[in-house]
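Single-structure report; data block below.
Residue numbers (our numbering): 1288 to 2206.
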């Protein structure tokens, strides 16, 4: 039995209980009924202060949560039982969710003291990966989506006119039940699946006839009633959130998807309408830079392939001050813009904040005090918010005027619009401030929540209770005087109420009107008729006050809930502001530059990607030194990048792509300057692994990714290819790589960076004007290679594979034998690696240099930063070129430098002089 089958086996009413159904005790009968009604989850059944499970479910809970498996015995048998404490349930629920279980909470819905017989219970919440709302189960900085996919659709108004189009259309909807965010889109199957993987919902409900492939992420796929996907049922569900459902969606597929998603979310929340879902937003995936799951993974936007902390683009950018901003930053990174005006508006805002250090600091200070408004208002609307939540809401809203003040005069249209959208919500702030005490208790049913002066009736009741307590507090002195017993004390406990305590030696002095209440070892406790009357008066007043306070609190909470849309609009603006401030902070701290965009049409000579001094935003943070490199990629060109492993080819390609992604997010970029096009897609084929379970080899996976690129890339796309064709024979692999290069250049016209060790592939630059070669420089001395990580024009003469093997620690005998075999099979290559020939011509410094690698490093940097004057990117030097007098002078100065006796300041001065000579 697989894991899914094991989980399904514990859902539903226990078979052993059903066998004795008529003889079960009332409580177990109630449990069996609730299990039967919710046969898609483990039912946790409230019994006092615990959630209990029985039979097979109990065994699963005990095993997963590591709690003791006990048993309950009655006349019908012995039932395995396991429970988790309600007050500490979150950790156990998280374990159950992680193990793949859905959990239904069956809670007592009436007061046990008021119940006449069995306490009524009902399932109040279904907890699944996509419907969790408990703060302890949520990641504060990430959206938790429930997704729904439906098939079929066409135009809403003519949805029956074209059955073939209907079948090819897919609808996708996601709902964040914790915040109320609801998104819907529709597209063909391929684009809809790509968007599904980009949004990566934690849980997925799939409509009829939706044949989904294996996904790159692992959502819980939940079966749900097919009727929820019916168009009429979906329209009725959506109408509770949008008065004109057909105006929100553009196809039946979209209607069915969003209707089913909302229906399931309602089911999970106890079949109640989600009042805080105030906007259902439709979007077109083509309105954003399309990054498929492969690109997101290859570029390490959110998850790193290494175990190092902080090694993703998101972690580099995440200087957000609040959870609202952190979730918004992730959303912007997942969906960069393609509208140039919107991009420039964000860049203007970031630019203004870069110039306004004081405004940035003030914004950070104020936003760091902001609570998670989206989830707060969702809890308010679900009637799950307590008094502390309302005070947190007020604390956040109190910051809004200060945020508005910090934005005054920042000089950006977007910042001005965001400032104007910050509703100060004085009515809500005043209501909560007047109604709720500044430091309320956690419980909302035990009083102490409503502030004095808010309600006259409550004040009168409290006055009565306080007068009674004051009478009691004075009773001790009066009775001591009346009885002459100085040790007499007046006290109170929950069991016996108010009492007068007299020690045993003084019992003979007790007045006749004292009534015995409790006997202790060394004393007796009494009450008087007047004290009992006062006690009843105080308790009645306290109970009335507690009940009235609860009613008043619920009224305040309901009033706040009616302003959900206004509060969510403020949350939306605060989230945008936090991200814009974050991008400005990161730009200033890391010396990023504002990118410029050009309209790159098919005949635009100035189109393409032009970056000066580009850097990888993640790698430069992880290393002490980073060598910047330029990128000069005309629109539609193919750059063939060669060089040794570990020299920086993959880093270079990724940094170009990340610069483009950052720019379209609205961020400055890690470079000295950048002129960029607005891309429609970024494709990557970098690295691959096999999928044994799916029956795909590494090479098949590689070819599948290449197929996706060749079919879907356009002239506005950026394509990164790393080692295409390496998983098959050299002849086949080279042929595939050459054909793909020609296709991308001739047919697609996508701007392409292609890293390869096929040196024969570099000949493509001779046949096609838009194909050119780049390589990464290296220096060799005494048989050892130093990688300079600097890009230069032209092809590399060697891949230095044997040297890299030696660096990796391959046994010396194997390395030596490998060198012999290289010499035997390719004597020309061996000659190149020993002399000045092609290696020196391409900027790879030969071992003849007497000064080691420093001169070579300077030469490599010069080659890397030199902008080629040749339109076909031919190498700037040739194998027979004589060194210039300037270079000879620099080399001589380096040879004569006594580095062991040079101070840092002297070294800087020397480098400055050498740079001047080169310039």
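Note that CB positions come from ideal geometry on N, CA and C, so glycine has one too. Fair warning: this is a prediction, and the values are worked out from it, not measured in the lab.
When we look at the beta-carbon of residue 1487 and count the other beta-carbons within 10 Å, is it buried (16 or more) or exposed? Stepping through the chain shown from its first residue, residue 1487 is reached at position 200. When all chains shown are included, residue 1487 counts as buried.
Taking one C-beta from the region 2051-2068 and one from the region 2016-2031 each time, how about it: are there three or more such pairs within less than 8 Å?
yes
Assuming residue 1327 and residue 1408 are in contact, meaning their beta carbons sit under 8 Å apart, how far apart are those beta carbons, in whole angstroms? Here residue 1327 refers to the residue found at position 40 of the chain shown. Here residue 1408 refers to the residue found at position 121 of the chain shown. Their Cβ separation, rounded to whole angstroms, is 18 Å, which puts residue 1327 and residue 1408 out of contact at 8 Å.
Three-state class that DSSP yields for residue 1760 in the structure shown: As a position in the chain shown, residue 1760 is number 473, starting the count at 1. DSSP places residue 1760 in helix when its eight states are reduced to three.
Can residue 1539 and residue 1552 be called in contact, C-beta distance under 7 Å? Against the chain shown, residue 1539 aligns to sequence position 252. Against the chain shown, residue 1552 aligns to sequence position 265. Contact: no.
CA-CA distance, residue 1684 and residue 1637? Counted from its first residue, the chain shown places residue 1684 at position 397. Counted from its first residue, the chain shown places residue 1637 at position 350. Rounded to the nearest angstrom, the two C-alpha atoms are 24 Å apart.
Requested in this report: Measure the C-alpha to C-alpha separation of residue 1394 and residue 1496 and round it to an integer number of angstroms.
Outcome: As a working note, residue 1394 is residue 107 in the chain shown. As a working note, residue 1496 is residue 209 in the chain shown. Between residue 1394 and residue 1496, the C-alpha separation is close to 36 Å.
Pairwise C-alpha distance: residue 1746 and residue 1771:
By one-based count along the chain shown, residue 1771 stands at place 484. By one-based count along the chain shown, residue 1746 stands at place 459. Between residue 1771 and residue 1746, the C-alpha separation is close to 37 Å.
Pairwise C-alpha distance: residue 2086 and residue 2044: For this step, residue 2044 is matched to residue 757 along the chain shown. For this step, residue 2086 is matched to residue 799 along the chain shown. Going from the Cα of residue 2044 to the Cα of residue 2086 covers about 7 Å.
- Item | Exposure label - residue 1463; buried when at least 16 CB within 10 Å | Residue 1463 sits at position 176 when you count from the first residue of the chain shown. It is buried - the Cβ of residue 1463 has at least 16 other Cβ atoms within 10 Å.
Considering only the alpha carbon of each residue, which of 1602, 1510, 1570, 1870 lies closest to residue 1535? Reading the chain shown from its first residue, position 248 is the one you call residue 1535. Checked all of 1602, 1510, 1570, 1870; the closest Cα to residue 1535 is 1570.
Q.
Could you compute how far the alpha carbon of residue 1678 sits from the alpha carbon of residue 1336?
A. Sequence index remark: in the chain shown, residue 1678 carries index 391 (1-based). Sequence index remark: in the chain shown, residue 1336 carries index 49 (1-based). Between residue 1678 and residue 1336, the C-alpha separation is close to 28 Å.
| task | For residue 1789, write down the residues that DSSP places opposite it in a beta bridge. | result | Indexing the chain shown from 1 puts residue 1789 at position 502. Per DSSP, 1811.
Can you look up residue 2117 in the DSSP assignment and give me helix, strand or coil? As a working note, residue 2117 is residue 830 in the chain shown. Below a pLDDT of 50, predicted positions are generally treated as unreliable, and residue 2117, at 48, falls in that range; the measurement from the model is reported next regardless. Of the three classes helix, strand and coil, the one that applies to residue 2117 here is helix, per DSSP.
Got a sec, what are the start and stop residues for the alpha helix (DSSP H) residue 1706 sits in? Taking the chain shown and counting its residues from 1, the one referred to as residue 1706 is at position 419. From DSSP, the alpha helix (DSSP H) with residue 1706 extends over 1700-1708.
Report task. Count the C-beta pairs between the region 1828-1847 and the region 1562-1582 that are closer than 8 Å, then say yes if the count reaches three, no if not. Result -> no
Fill in: Through-space distance from residue 1715 to residue 1613, alpha-carbon basis
Counting from 1 along the chain shown, the entry for residue 1613 is found at position 326. Counting from 1 along the chain shown, the entry for residue 1715 is found at position 428. Approximately 26 Å, taken between the alpha carbons.
Residue range of the beta strand (DSSP E) that residue 1957 falls in? By 1-based counting over the chain shown, the position of residue 1957 is 670. Segment: none, residue 1957 is in no beta strand (DSSP E) and carries neither H nor E.
> Three-state secondary structure (DSSP) at residue 2142?
Replying inline: In the chain shown, the residue the question calls residue 2142 occupies position 855. Note that residue 2142 scores a pLDDT of 36, beneath 50, so its modelled location is shaky; the value from the coordinates is reported in the next line. Residue 2142: helix per DSSP, three-state reduction.
For residue 1424, I'd like the list of residues in its chain whose CB is within less than 8 Å of its CB, leaving aside the five on either flank, ordered along the chain.
-> Locating residue 1424 in the chain shown gives position 137, counting from the first residue. Cβ within range, chain order: 1377, 1380, 1381, 1384, 1414.
inquiry  = On the criterion of 16 or more Cβ atoms from any shown chain inside 10 Å, does residue 1729 qualify as buried, or is it exposed?
reply    = Residue numbering aside, residue 1729 sits at position 442 when the chain shown is read from its first letter. Label assigned to residue 1729: exposed.
Distance check for residue 1787 and residue 1780, CA to CA, integer angstroms please.
Along the chain shown, one-based indexing puts residue 1780 at 493. Along the chain shown, one-based indexing puts residue 1787 at 500. About 12 Å.
Between the region 1792-1810 and the region 1698-1707, can you find at least three pairs of beta-carbon atoms closer than 8 Å? no
Open item on the list: Three Cβ pairs or more, each shorter than 8 Å: is that satisfied between the region 1788-1796 and the region 1807-1815?
Closed with: yes
Query - Continuous beta strand (DSSP E) stretch holding residue 2009: start and end - result: Taking the chain shown and counting its residues from 1, one reaches residue 2009 at position 722. Note, residue 2009: beta strand (DSSP E), 2004-2009.
What whole-angstrom Cβ distance do residue 1325 and residue 1386 have, given they're in contact under 8 Å? The count along the chain shown starts at 1 and reaches residue 1325 at position 38. The count along the chain shown starts at 1 and reaches residue 1386 at position 99. Actually they are not in contact, since the Cβ atoms of residue 1325 and residue 1386 sit about 18 Å apart, beyond 8 Å.
Counting only the same chain and skipping the five closest in sequence on each side, list residues whose C-beta sits under 8 Å from that of residue 1691.
-> Indexing the chain shown from 1 puts residue 1691 at position 404. Closer than 8 Å at the Cβ level, and outside the excluded window around residue 1691, lie 1706, 1709, 1711.
Distance check for residue 1369 and residue 1583, CA to CA, integer angstroms please. One-based indexing of the chain shown puts residue 1583 at position 296. One-based indexing of the chain shown puts residue 1369 at position 82. Near 43 Å, if we compare the C-alpha coordinates of residue 1369 and residue 1583.
DSSP beta-bridge partners of residue 1916: Counting from one through the chain shown, the residue named residue 1916 turns up at place 629. Answer by DSSP bridge pairing, in chain order: 1901.
Run through DSSP, which three-state label would residue 1669 get? One-based indexing of the chain shown puts residue 1669 at position 382. Coil, per DSSP.
Can you tell me the Cα-Cα spacing of residue 1737 and residue 1723, whole angstroms? On the chain shown, position 450 is the one that residue 1737 refers to. On the chain shown, position 436 is the one that residue 1723 refers to. Whole-angstrom Cα-Cα distance: 5 Å.
Would you be able to state if there are at least three C-beta pairs under 8 Å between the region 1936-1947 and the region 2035-2042?
yes
message = Comparing C-alpha positions only, which one of 1561, 1621, 1821, 1543 sits nearest to residue 2208?
response = There is simply no residue 2208 to check, as the chain begins at 1288 and stops at 2206 in what is shown.
Handout entry: Beta-carbon spacing of residue 1641, residue 1567 below 7 Å
Key = Locating residue 1641 in the chain shown gives position 354, counting from the first residue. Locating residue 1567 in the chain shown gives position 280, counting from the first residue. No, the Cβ-Cβ distance between residue 1641 and residue 1567 is not below 7 Å.
* Pull up the DSSP beta-bridge partners for residue 1408, would you. => Looking up residue 1408 in the chain shown gives position 121. Answer by DSSP bridge pairing, in chain order: 1395.
Could you check the C-alpha separation between residue 1509 and residue 1681 for me, to the nearest Å? Numbered from 1 along the chain shown, position 222 holds the residue referred to as residue 1509. Numbered from 1 along the chain shown, position 394 holds the residue referred to as residue 1681. About 38 Å.
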